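Trainee: Got a structure here, written out as structure tokens. Questions coming.
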Amino acid sequence: MNNARVDMWGDPSVNWFVDYNYENIDEATGLPTGTLRIPAFLMHNYRYVDSRSILKNSCDYVRAELLSLIKEHGLPGMPHVKADDVVDIIFTSATELEFWVKTPSRTVTKKELSVSQKLQEQYWQRTHGTVRTALEQAVERLDQYGMVAEMGHKEVGGVKAKLDEDGHEAVVLEQLEIDWKFSNNPLQTADNELQARIIVREVFRENGLDVTFNAKPIIGVAGSGEHTHFGVMAKLKSGKLVNLFSPEDMRKESASSLGIGAIMGLLKHYEAINPFISSTTDSLNRLKPGFEAPVCIVTSLGTDPSEPSRNRTILCGLIRDIDNPMATRYELRSPNPYTNTYTALALIFISAFDGMKYAITSGKTQAQLEAELSKEVGESADYLATNRAYRTEKDVFDDFTQEERNQMFGVAPATVWENIKGYHNNPELVETLAQGNAFAKDLMDSFIASILKRWKLVLAHRLIPDNLDTVRKMVAIHTDSRNSVDDKRFAEVNDLRFYLAKDSDDRKSLFTRLIDALNSGEYDLASQLQIEMNDKMEELEAKYANYAKNIF
């Protein structure tokens, strides 16, 4: 605060948006009032320090370094592309937006949602009524902004809408997804995502519906992701674009040498990248087994190059079309709608470049690179870690136990602090991500510090108070003291309530101990207590539900 001189510089390389207010019509023209939204860079002390500039600098750095490597070493495994013809590097990217919509002030029980999901009642369903109208209007609005909407559809979560006595929809709770066209400018990709969120929220609000982009708005039900696609292309002197992830023969190889290198780079550095992708308790709540969300650092290339497949249980998978080499790309499945897409893409491309550099300079063939990517745990490698596996074509959830997943792919962080430790415990990976000073180490550290601060504040002032409210509501509701079953079941509930929330002369409650650990900076202890709190709250809700169902 003692040096707050900042300047903002508009970015003329991307689209500027007019945010129209359709509820404020200008009397003179009959047109809605609009506010111009200008994507900009933030400069502090003559240095750009914002997320947009980090992404721009990262792409500029990778572009320059990759062009230099190609000029010096050529393109291994791509004899159909002459290195001397490459004049530029193009970064392709796209995001998918998932979200929940609901009628304000109306509730649906978690049990209803859970049962509906297990029965797959919302799979492939068409939208109805107000939700359909709002979804169609949102898609049309995206087109009006030039974002070229490709799809709007239902997702797996939700329940069938309930009607009132007049036939109007009284209770709506559904999960939706909207996709739009990719961009050759990662800055535009991230700008589009922010604008899309504004459009979606406003359009659904105009139709009387609330929207949430939280990663896991309801525990125990499918969360909302924002799968992020990325690719790298070379522009030739002729103006032609060549996908550097696609092999010469799409039926013999799944990906090119550079494509294999790119995913190796991302997976190798992912523990240090993860805090920038999943930076909140909400985001980590989504990444649990059983909800089609990734829990392991692992990839899939497909079982047969001649028959493309898509494994939806892995972290980052290869997307390909045999008849369209330009479509080859990777899909990172861990981001959520509140992931900072600017910093996420910056780290994706920097880490991918490190792997591509290895692919170019190692002298290895595509087959040798794929063999290293496909190595077993304990098998030594020149680039990847010995104690890890990085590829599987199996179902990560059904074909491996939790212990096997941990041994093969590493232990997934359960809390924000555990995720932050992945950054602090891997300084050599962080050093690589900071190469070229595109995403400078001090800016990374600042981002990590903000994550830590948010974790502490959300825990102490939102999650614990919310849990305390839940505990207070779980009171005895049976009046017949002659029923020993009811007495016993509520006694178990009450013991948990006291353990969680009630201090006494000789013992502090779990909530108090957690707050004390946060205040004293004992973050390892706080992380352990948060995990225990989550487990105890889940146990409490289950026990109370079992108690309540026996009450007439």
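Every number in the numbering used here is 1415 more than the matching position in the sequence shown, counting from 1.
By construction, the Cβ of each residue, glycine as well, lies at the ideal position given by its N, Cα and C atoms.
This structure is a prediction, so every number in the text was calculated from the model and none was measured.
Could one say the Cβ of Arg1748 lies closer than 8 Å to chain D's Cβ atoms, at least one of them?
Mentor: Judged by its chain identifiers, the structure shown contains no chain D, having just a single protein chain.
Trainee: May I ask you to report which of helix, strand or coil DSSP gives Cys1731?
Mentor: Note: Cys1731 maps to strand in three-state DSSP.
Trainee: If we ignore side chains and look at the alpha-carbon of each, how far apart do Thr1758 and Leu1702 end up?
Mentor: 20 Å
Trainee: If you pair each beta-carbon of the segment 1610-1623 with each one of the segment 1716-1731, do three or more pairs fall below 8 Å?
Mentor: no
Trainee: Just how far apart, CA to CA, sit Leu1656 and Val1502?
Mentor: C-alpha of Leu1656 to C-alpha of Val1502: approximately 10 Å in a straight line.
Trainee: Quick check on this structure: which residue in Glu1438, Ile1453, Asp1422, Asp1441 has the alpha carbon closest to the alpha carbon of Asn1430?
Mentor: Ile1453
Trainee: Rounded to whole angstroms, how far is the Cβ of Met1679 from the Cβ of Tyr1773, which I believe are closer than 8 Å?
Mentor: Contact holds; Cβ gap of about 7 Å.
Trainee: Return the chain-ordered list of same chain residues with a C-beta closer than 6 Å to the C-beta of Glu1442, the five sequence neighbours on each side being excluded.
Mentor: Non-local beta-carbon contacts of Glu1442 in its own chain, meaning distances under 6 Å to residues more than five positions away in sequence, are absent.
Trainee: Between which two residues does the beta strand (DSSP E) harbouring Ile1504 extend?
Mentor: 1501-1517
Trainee: In the segment 1703-1787, which residue ranges form an unbroken beta strand (DSSP E) of at least 3 residues, counting only runs that do not cross its ends?
Mentor: 1731-1734, 1744-1747
Trainee: Which whole-angstrom value describes the C-beta separation of Phe1628 and Phe1506, a residue pair presumed to lie in contact below a C-beta threshold of 8 Å?
Mentor: Not a contact, Cβ separation roughly 25 Å.
Trainee: Within its chain, find whatever has a CB closer than 7 Å to the CB of Ile1835; leave out the 5 residues flanking it on each side and keep chain order.
Mentor: Pro1690, Ile1863, Ile1866, Leu1867
Trainee: Please classify Asp1769: is it buried, with 16 or more other beta-carbons within 10 angstroms of its beta-carbon, or exposed?
Mentor: buried
Trainee: Output needed for Tyr1435: all residues of its chain with C-beta closer than 6 Å, excluding positions within five of it in sequence on either side, in chain order.
Mentor: Pro1447, Gly1449
Trainee: Below 8 Å between beta carbons: does that hold for Ser1661 and Thr1743?
Mentor: yes
Trainee: So for His1839, helix, strand or coil by DSSP?
Mentor: helix
Trainee: Can you tell me the Cβ-Cβ gap for Ala1761 and Ser1473, rounded? I've got them flagged as a contact below 8 Å.
Mentor: Yes, Ala1761 and Ser1473 are in contact; Cβ-Cβ is about 4 Å, under 8 Å.
Trainee: With which residues is Thr1643 paired in a DSSP beta bridge?
Mentor: Partner residues in the beta bridge of Thr1643, as assigned by DSSP, are Thr1510, Leu1747.
Trainee: CB Gln1945 to CB Thr1830, shorter than 8 Å?
Mentor: yes
Trainee: Could you give the residue range of the alpha helix (DSSP H) that holds Val1554?
Mentor: 1544-1559
Trainee: Alpha carbon to alpha carbon, how far is Arg1467 from Phe1432? Give it in angstroms, no decimals.
Mentor: Cα to Cα, the separation comes out at about 16 Å.
Trainee: Helix or strand or just coil, what does DSSP make of Arg1806?
Mentor: strand
Trainee: Which residue's Cα is closest to the Cα of Leu1747: Pro1720, Thr1780, Leu1940, Glu1707?
Mentor: Glu1707
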